[in-house]
Amino acid sequence: MSTPTLGAAASGRRRGQPAVIRPTPPQARPEDIDFSIAGQAEVTPYPIEWEPHTHPIHELLWVRRGTMTTRIGRDRYTLPGNIGIWIPAGIEHSGRVSGGAEFQASFFNPEISTFNPATPVCVDITPLLHELLVHLAQDGLNPGQRERAEGLVFDLLAPTARPLNLLMPEDPRLRPIAAALIEDPADSRGIEDWADTLGCSARTLARAFEAELDQTFGAWRQQARVHAALALLSDGATVAEAAASVGYHNPSAFIVVFDRIMGTTPGRYRGDAIRR
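Just so we're aligned, residue 1 is where the sequence shown starts under UniProt numbering, counting upward by one.
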């Protein structure tokens, strides 16, 4: 059995910019594939991006080290180490992994899989689940070995309750604001500053945020900053370093916001990520 490939080689990489890979989806149809679960791993020497694409099989993507971001529809997922994203067959998605990341992908035949969420979900990749998925990526497993391991995988797969998706705006007035904060979470411009930049009133922008995203500009910016901090903490940054990098001069204020959004403190989150 051949394992499906993630993509073609990088092309057109410029110095200092992420390489862009145009993935080649698995060519076989699900009914022609004789596996329930297959997979592969790759250490990325530099940041890699995948353009929007779909696959005819389910995917579970995660990083053992480093960080991955995935865009699915209007949702932008920030996935630190050991949190995976389950992408059902046929769902368009794009993604990016950081340089030096240990990237993992598992593929599930939708006609055999007993875990079949209809929409993308985040999944906790526990040490046991990770080892089982790596085991199933090997060639040469006999049917009994594969069946036993796959049964355990399906028992362990479960959506995480962590809020790891950030809803991105589609309103053309809000897109440049969101893009700027994704690029630099420490951007300190307030709604009035953005109104001056975009040539509209602050009230108009505030109403647009609440109408489309059901939250204020300030609340959305807090969420974007916390999502950016996830990657920094997973890569070993201290709480103070992560706070400063995403625009908080007072680490205590950052801790309060992080705890409210993520349900845990950044110190605890960092410790869990490093131990894994």
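From the three backbone atoms N, C-alpha and C, an ideal C-beta is built for every residue, glycine too.
Starting from the C-beta of Leu230, find all residues in its chain whose C-beta is less than 7 Å away, skip the five residues before and the five after it, and write them out in chain order.
If we look at Leu230 and ignore the five residues flanking it on each side, its Cβ neighbours are Thr78, Pro80.
Burial state of Cys200 (16 or more Cβ within 10 Å):
Note on Cys200: under 16 other CB atoms within 10 angstroms of its CB, so exposed under the neighbour-count rule.
To the nearest whole angstrom, what separates the beta carbons of Asp235 and Gly66, a pair I think is in contact under 8 Å?
About 7 Å separates the beta carbons of Asp235 and Gly66, which is inside the 8 Å limit, making them a contact pair.
Answer with buried or exposed for Gly84, where buried requires no fewer than 16 other C-beta atoms within 10 angstroms of its C-beta.
Burial check for Gly84: the Cβ neighbour count within 10 Å reaches 16 or more, so the residue is buried.
Counting C-beta neighbours from all protein chains within 10 Å, is the total for Pro172 16 or more, i.e. buried, or is it exposed?
By the Cβ-count criterion, Pro172 is exposed, with fewer than 16 other Cβ atoms from all chains shown falling within 10 Å of its own Cβ.
If you follow the alpha helix (DSSP H) that Gln40 is part of, which residue opens it and which one closes it?
Looking at the DSSP string, Gln40 is not in any alpha helix (DSSP H); the run it does join, the beta strand (DSSP E), is 37–43.
Here's the rule: buried if 16 or more other CB atoms are within 10 angstroms of the residue's CB, otherwise exposed. What is Thr44?
Label assigned to Thr44: buried.
For Tyr269, count neighbouring C-beta atoms within 10 Å of its own C-beta (all shown protein chains included) and say buried if the count is 16 or more, exposed if not.
Looking at its Cβ environment, which holds 16 or more other Cβ atoms inside 10 Å, Tyr269 is buried.
Val246 - DSSP class collapsed to helix/strand/coil
Looking at Val246 - three-state DSSP - the assignment turns out to be coil, as it is neither helix nor strand.
Alpha carbon of Ile87 to alpha carbon of Gln104, nearest angstrom:
Cα to Cα, the separation comes out at about 14 Å.
What is the DSSP secondary structure of His55, counted as helix, strand or coil?
Three-state DSSP puts His55 in coil, outside helix and strand.
Whole-Å CB distance - Ser113 paired with Ser36, under 8 Å assumed
Rounded to whole angstroms, the Cβ separation of Ser113 and Ser36 is 6 Å, and the two are in contact under 8 Å.
Which runs of the alpha helix (DSSP H) fall wholly inside the stretch 141–224 and span at least 4 residues, in chain order?
DSSP runs (the alpha helix (DSSP H)) wholly in the stretch 141–224: 143–156, 175–183, 191–198, 202–213.
Considering only residues of the same chain and omitting the five flanking positions on each side of Ala240, which have a CB-CB separation below 7 Å?
Closer than 7 Å at Cβ, skipping near neighbours: Pro251.
Kindly give me the distance between the Cβ atoms of Ile91 and Pro120, rounded to whole angstroms, as I take these residues to be in contact under 8 Å.
Correct: roughly 6 Å between the Cβ atoms.
Where the beta strand (DSSP E) containing Ser106 begins and where it ends
It spans 102–108 - the beta strand (DSSP E) in which Ser106 sits, taken as one unbroken run.
Could you tell me the alpha carbon to alpha carbon distance between Leu164 and Arg225, rounded to whole angstroms?
Each residue's Cα considered, the two are about 12 Å apart.
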